[in-house]
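Engineer: In this note's numbering, the protein residues as written are 74 to 349. Here you go, one structure.
Below, the structure written as structure tokens:
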């Protein structure tokens, strides 16, 4: 169940926790996307965003993922999503379109079975409240070609866009609607039912992103032994990216993860709605 880790941390990730402690999520995402563009890591399209929420649904998922950590502490993360359009560097980041399978839909939209629970009609603006979503991260996936980092090609971005628009592409393996039902049942039981993570049940938000990047031959969790995807797996994989070991074994130039993150809440205590 637990994902393998490498011996060396990914040096292409920036820990912005001190810088971002008193800054807004809006400022974080704008700066993260600006840096990604400046370093030629992409224009934001299909960047992966991790969210660590402090509301009741978020804390439930963070606690459930503690079994995936060596220290058995709650995960920093409860949700994962992808930005589906480029950022022009000027428009508000909150208006950027996203695709996600939310455990608790912030826009009030009920997930449709016909869409495999994927929601594409919302924006990054639903995750800009730093009190509700204290932990944030943004990662860009780039190709390593002859030792140089290059953004995903237009063809690869087109494949990702088509896969996002057709969430039933591989429903036999990625039944996100059914996965969502399992986790909803666990949450509404007051966490009295067995932890779904212990039985290898994926968190659908992570499954969706894993499905997308699988279409262009990128395994976001290298050396994984099971498909019990969770935001915690992405966090581990991106901090300890196995580009030299795993990707080289596949005979490819491989992929590189670049990005940054801000951790403001490590303890995973539920924040009441009236708290400031």
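Every residue gets a Cβ at the ideal spot worked out from N, C-alpha and C, and that includes glycine. Note that the coordinates shown come from a computational prediction; the quantities given were computed from them, not determined experimentally.
With a threshold of 8 Å, are at least 3 pairs of Cβ atoms found where one atom belongs to the segment 204 to 214 and the other to the segment 100 to 117?
Structural biologist: Flag = yes, the segment 204 to 214 and the segment 100 to 117 touch.
Engineer: Contact check, residue 269 vs residue 250 under 8 Å by CB: the rounded distance?
Structural biologist: A Cβ-Cβ separation of about 15 Å leaves residue 269 out of contact with residue 250 under the 8 Å criterion.
Engineer: From this set, 294, 327, 281 and 303, which residue's C-alpha is nearest residue 311's C-alpha?
Structural biologist: 294
Engineer: Please report the distance separating the alpha-carbon of residue 203 from that of residue 164.
Structural biologist: 20 Å
Engineer: Which one or two residues does DSSP pair with residue 156 in a beta bridge?
Structural biologist: 171
Engineer: Return helix, strand or coil for residue 304, following the three-state DSSP convention.
Structural biologist: Look at residue 304 here: in three-state DSSP terms it is helix.
Engineer: Just to confirm the assignment, what range does the beta strand (DSSP E) spanning residue 124 have?
Structural biologist: 121 to 125
Engineer: Taking the beta strand (DSSP E) that residue 193 falls in, what are its first and last residues?
Structural biologist: 192 to 196
Engineer: Below 8 Å on the Cβ atoms is my contact criterion, and I expect residue 120 with residue 135 to pass it. Report the Cβ-Cβ distance as a whole number of Å.
Structural biologist: Not a contact, Cβ separation roughly 22 Å.
Engineer: Cα separation between residue 157 and residue 195?
Structural biologist: Cα to Cα, the separation comes out at about 11 Å.
Engineer: How far does the alpha helix (DSSP H) with residue 286 in it extend, from its first residue to its last?
Structural biologist: Here the alpha helix (DSSP H) through residue 286 covers 277 to 287.
Engineer: Spatial neighbours of residue 240 within its chain, please: C-beta separation below 6 Å, excluding the five flanking residues on both sides.
Structural biologist: 188, 189 and 191
Engineer: Which word fits residue 320, buried or exposed, when buried means at least 16 other C-beta atoms lie within 10 angstroms of its C-beta?
Structural biologist: Below a pLDDT of 50, predicted positions are generally treated as unreliable, and residue 320, at 47, falls in that range; the measurement from the model is reported next regardless. Residue 320 is buried by the Cβ-count criterion.
Engineer: Report the three-state DSSP secondary structure of residue 87 (helix, strand or coil).
Structural biologist: strand
Engineer: Please state whether DSSP places residue 337 in a helix, a strand or coil.
Structural biologist: coil
Engineer: Taking 8 Å as the cut-off, decide whether the C-beta atoms of residue 334 and residue 92 are in contact.
Structural biologist: no
Engineer: With DSSP as the reference, label residue 176 as helix, strand or coil.
Structural biologist: Look at residue 176 here: in three-state DSSP terms it is coil, with no helix or strand label.
Engineer: Rounding to the nearest angstrom, what Cα-Cα distance links residue 327 and residue 218 in this structure?
Structural biologist: Between the alpha carbons of residue 327 and residue 218 lies a distance of about 8 Å.
Engineer: Quick one: give me the first and last residue of the alpha helix (DSSP H) that residue 224 is part of.
Structural biologist: Not the alpha helix (DSSP H): residue 224 falls in the beta strand (DSSP E), residues 221 to 224.
Engineer: Can you say whether residue 264 is buried or exposed, counting buried as having 16 or more other CB atoms within 10 angstroms of its CB?
Structural biologist: exposed
Engineer: Mapping the DSSP letters down to three states, classify residue 115 as helix, strand or coil.
Structural biologist: coil
Engineer: Roughly how many angstroms lie between the CA atoms of residue 161 and residue 132, to the nearest whole one?
Structural biologist: 34 Å
Engineer: Using C-beta distances below 6 Å, list every residue in its chain close to residue 261, excluding the 5 sequence neighbours before and after it, in chain order.
Structural biologist: none
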